[in-house]
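Quick notes on the structure that follows.
Number of protein chains: 2
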Amino acid sequence: MLERMPPPSKRTNDPERTKRDILEVAMAEFASEGYSGARVDAIAARTRTSKRMIYYYFGGKEQLYLAVLEEAYRSIRALEDQLDIAGCDAREGLRRLIEATFDHDERNPNFIRLVSIENIHHGKHLKQNLQLRQLNASVIATLDGILKRGHTEGVFRDDVDAIDLHLAISSYCFFRVANRHTFGALFDRDLSEPKVLAKSRTQIVEMILAWLAAK
Amino acid sequence: MLERMPPPSKRTNDPERTKRDILEVAMAEFASEGYSGARVDAIAARTRTSKRMIYYYFGGKEQLYLAVLEEAYRSIRALEDQLDIAGCDAREGLRRLIEATFDHDERNPNFIRLVSIENIHHGKHLKQNLQLRQLNASVIATLDGILKRGHTEGVFRDDVDAIDLHLAISSYCFFRVANRHTFGALFDRDLSEPKVLAKSRTQIVEMILAWLAAK
DNA sequence: TCCATAATGTACGAACTAGTACGTTTGTGC
DNA sequence: GCACAAACGTACTAGTTCGTACATTATGGA
Chain D
1 MLERMPPPSK RTNDPERTKR DILEVAMAEF ASEGYSGARV DAIAARTRTS KRMIYYYFGG
61 KEQLYLAVLE EAYRSIRALE DQLDIAGCDA REGLRRLIEA TFDHDERNPN FIRLVSIENI
121 HHGKHLKQNL QLRQLNASVI ATLDGILKRG HTEGVFRDDV DAIDLHLAIS SYCFFRVANR
181 HTFGALFDRD LSEPKVLAKS RTQIVEMILA WLAAK
Chain F
216 MLERMPPPSK RTNDPERTKR DILEVAMAEF ASEGYSGARV DAIAARTRTS KRMIYYYFGG
276 KEQLYLAVLE EAYRSIRALE DQLDIAGCDA REGLRRLIEA TFDHDERNPN FIRLVSIENI
336 HHGKHLKQNL QLRQLNASVI ATLDGILKRG HTEGVFRDDV DAIDLHLAIS SYCFFRVANR
396 HTFGALFDRD LSEPKVLAKS RTQIVEMILA WLAAK
């Protein structure tokens, strides 16, 4: 005769850890599968807790995705803050910022993928979130400072604004990671390979500096 | 008393048109909603025919997506073919190729989105398709020719290969379209606006030419 | 004209998926 | 200890979505 087990597992409440757990797993799932492809059950299964808690803490799939997106953007805002460019000249400062952007995108493929996914969905979630826009304003301010210094030093042209420059830098760094799979398949070049990566890192710096120096 | 209508609609068989109809609608749906977000029923509804025909001609959702992807890649292979760069010097030839790439991406947002989507899914469908890889080889050959001419003319550096160059050009042209929504939301700049677009078009040409001329 | 096959329409089913009803346990302030 | 809210688990449901069984019509060749 099987006895009904007396509850052998002591449950421990830890709301903060549960929330973080869900967020982490959800980020991986959304980044890997896309918004529609992500499964709430799949997220729940890889969690220390249950699906019930996803709805308890986040409300639903869409709100969970929103939380993931916000978390992703928030965790990387400090990019330029960690950068020491006050002491160096404009060209050197810009070089460091480009390299930091490059390294950041390389190290955060999930973030890159989430941005791609958000664009597939026409950016409708990001547009709802006022806060996130401000977080990203700082990189423009930093670039603007570098550009101004460059004009003063007489080493940069003056008809390129900070947003133009940011577009040029991000597009290259972003594309390398976001389109790695199709690019690799079509041209037989693995962009994540260390040697290829190192060459790219040099080239984007050269490209931007040559461009700004022109005229 | 309502009479049963004698079949008032003469059906006409037109397999080619039916197939094309399905493909077109499917391309729009997949590009707009992503692979998982796309609904077979939604595609069928916007078609002249029924869902039954999707399965009759294509076999299933995944195979339909594959057909859409192939069609998208195929319809744009002729990019460089339409280009007349035999008569001009290396710098002018490159300028025309960059502008053609830029215009192409701008005019084909659905193609851009499909490539993004394919990358979200780790390029697994593209990897299955050998044919498509060869279609894209031609742009590399064209770039290689231009680079070689540039070396002969003494106007281009010689440590940048065709794939490096293609990466630099595509990434900018692609990103502008693919990340239009998040970029626009974050930096309040509408990249599709004619004036912004025209400036970008000039800038990517300047950037690449300045880079290749350096040293 | 008639038949074989390709092309098409309708209706339905099985499986999946987001979300919830309901009950139980844990921790905390008193 | 004790009451009460916060935290959590299980099992279920309603609706959706891909795919198909079955029947019917069109069309080209014998």
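Protein sequences appear in the order of chains D and F.
Quick note: the first sequence, position 60, residue 60 per our numbering, numbers continuous.
Quick note: the second sequence, position 178, residue 393 per our numbering, numbers continuous.
Ideal Cβ positions, reconstructed from N, Cα and C, are used throughout, including at glycine.
Got a sec: is the Cβ-Cβ distance from residue i to anything in chain F below 8 Å?
i              : result
residue 110(D) : no
residue 156(D) : no
residue 74(D)  : no
residue 175(D) : yes
residue 207(D) : yes
residue 116(D) : yes
residue 178(D) : yes
residue 107(D) : no
residue 123(D) : yes
residue 170(D) : yes
residue 41(D)  : no
residue 189(D) : yes
residue 163(D) : yes
Closer than 6 Å by C-beta to residue i: which residues in its own chain qualify, once you throw out the five before and the five after it? Chain order, please.
i              : result
residue 312(F) : none
residue 405(F) : 399
residue 319(F) : 294
residue 328(F) : 246
residue 19(D)  : 57
residue 387(F) : 419
residue 158(D) : 151
residue 261(F) : 240
residue 193(D) : none
residue 13(D)  : none
residue 300(F) : 308 and 311
Taking C-alpha atoms, which residue in the options lies nearest to residue i?
i              : options                           : result
residue 49(D)  : 74(D), 80(D), 71(D) and 17(D)     : 17(D)
residue 161(D) : 140(D), 171(D) and 188(D)         : 140(D)
residue 170(D) : 266(F), 426(F), 390(F) and 296(F) : 390(F)
residue 207(D) : 260(F), 261(F), 420(F) and 426(F) : 426(F)
residue 22(D)  : 43(D), 13(D), 197(D) and 138(D)   : 43(D)
residue 137(D) : 414(F), 403(F) and 382(F)         : 403(F)
residue 382(F) : 164(D), 186(D) and 41(D)          : 186(D)
residue 413(F) : 321(F), 266(F) and 373(F)         : 321(F)
residue 269(F) : 230(F), 428(F), 408(F) and 374(F) : 230(F)
residue 129(D) : 66(D), 194(D), 13(D) and 39(D)    : 66(D)
residue 163(D) : 378(F), 411(F) and 379(F)         : 411(F)
residue 424(F) : 339(F), 309(F), 338(F) and 296(F) : 309(F)
residue 165(D) : 119(D), 123(D), 213(D) and 124(D) : 213(D)
Cβ of residue i less than 8 Å from any chain D Cβ?
i              : result
residue 319(F) : no
residue 335(F) : yes
residue 401(F) : yes
residue 359(F) : no
residue 342(F) : yes
residue 227(F) : no
residue 397(F) : yes
residue 453(F) : Shown here, chain F extends from 216 to 430; a query on residue 453(F) therefore has no answer.
residue 425(F) : yes
residue 315(F) : no
residue 353(F) : no
residue 418(F) : yes
Can you name, in chain order, every residue of its own chain whose Cβ lies under 8 Å from the Cβ of residue i, other than the five neighbours on each side?
i              : result
residue 349(F) : none
residue 117(D) : 30, 31, 34 and 35
residue 242(F) : 283, 286, 287, 325 and 329
residue 303(F) : 311
For residue i, which residues from the same chain have a beta carbon less than 7 Å from its beta carbon, with the 5 sequence-adjacent residues on both sides left out?
i              : result
residue 291(F) : 319, 323 and 326
residue 90(D)  : 146, 149, 150, 153, 155 and 156
residue 201(D) : 99 and 102
residue 132(D) : 70, 73 and 126
residue 196(F) : Outside the shown range of chain F (216 to 430) lies residue 196(F), about which nothing can therefore be said.
residue 51(D)  : 40, 41 and 44
residue 83(D)  : 96, 97 and 100
Could you check whether the stretch 272–285 of chain F touches the stretch 242–252 of chain F, counting it as contact only if at least three pairs of C-beta atoms, one from each stretch, sit closer than 8 Å?
A contact exists between the stretch 272–285 of chain F and the stretch 242–252 of chain F.
Exercise. Assess, as a yes-or-no matter, whether the stretch 386–397 of chain F is touched by the stretch 356–367 of chain F under the definition of 3 or more beta carbon pairs within less than 8 Å.
Key: No: the two stretches stay apart, fewer than three of their Cβ pairs being nearer than 8 Å.
Exercise for review: Enumerate, from N- to C-terminal direction, the unbroken alpha helix (DSSP H) stretches of 4 or more residues contained entirely within the stretch 80–123 of chain D.
Suggested key: Qualifying alpha helix (DSSP H) stretches, in chain order: 90–107 and 109–120.
Give the list of continuous alpha helix (DSSP H) stretches no shorter than 4 residues that lie fully inside the stretch 13–85 of chain D. Runs found: 15–33, 40–45, 51–57 and 61–74.
Any chance you could list the alpha helix (DSSP H) runs of at least 4 consecutive residues sitting entirely within the stretch 343–424 of chain F, in chain order?
Listed in chain order, they are 345–368, 377–393 and 395–402.
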